[in-house]
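Here the structure is laid out as structure tokens; the discussion comes afterwards.
Residue numbers (our numbering): 10 to 146.
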């Protein structure tokens, strides 16, 4: 693996996610969980697409990459498919917001960053959120 290439790949993935999330935010609206839904669906779509292509590459180019991507996207559709329009409000109250990224910085010189992530969150996503919080992303 080439570090420079991996960094470039991560920046491209982030741009794809942001572009798709922006489109979906326009579709779902800002009411209820529309913004969250847009970002989660965008991340799911990009992850599914990349997974399908990665499986094809690891197989040495054997098989049909389009079929692999279609299968992965079918899984995303199965999870997220529901009528378009504003999403209903979350049933449970959300945790206090800590900026859009879910990260809070300590008072003063901002040397402390507190971030909450699920156990299975990929390390690149954690790094991405920290960089965004400190203004490097």
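Glycine is no exception: its CB is placed at the ideal position from the N, C-alpha and C atoms. Everything numeric in this text was worked out from a predicted model, so none of it was measured.
DSSP three-state assignment for residue i, whether helix, strand or coil
i	result
residue 48	helix
residue 99	Below a pLDDT of 50, predicted positions are generally treated as unreliable, and residue 99, at 37, falls in that range; no measurement from the model is reported.
residue 12	helix
residue 75	helix
residue 90	coil
residue 39	coil
residue 130	coil
residue 69	coil
residue 135	helix
residue 125	coil
residue 114	Residue confidence is low: residue 114 scores 47 on pLDDT, short of 50, so the model does not pin down where it sits. Its coordinate-derived value is still stated next. Strand at residue 114.
Span of the alpha helix (DSSP H) around residue i
i	result
residue 144	From DSSP, residue 144 is part of no alpha helix (DSSP H); its letter is neither H nor E.
C-beta atoms of residue i and residue j nearer than 8 Å
i	j	result
residue 30	residue 61	no
residue 49	residue 25	no
residue 34	residue 44	yes
residue 11	residue 53	no
residue 141	residue 135	no
residue 133	residue 19	yes
residue 23	residue 137	yes
residue 58	residue 78	yes
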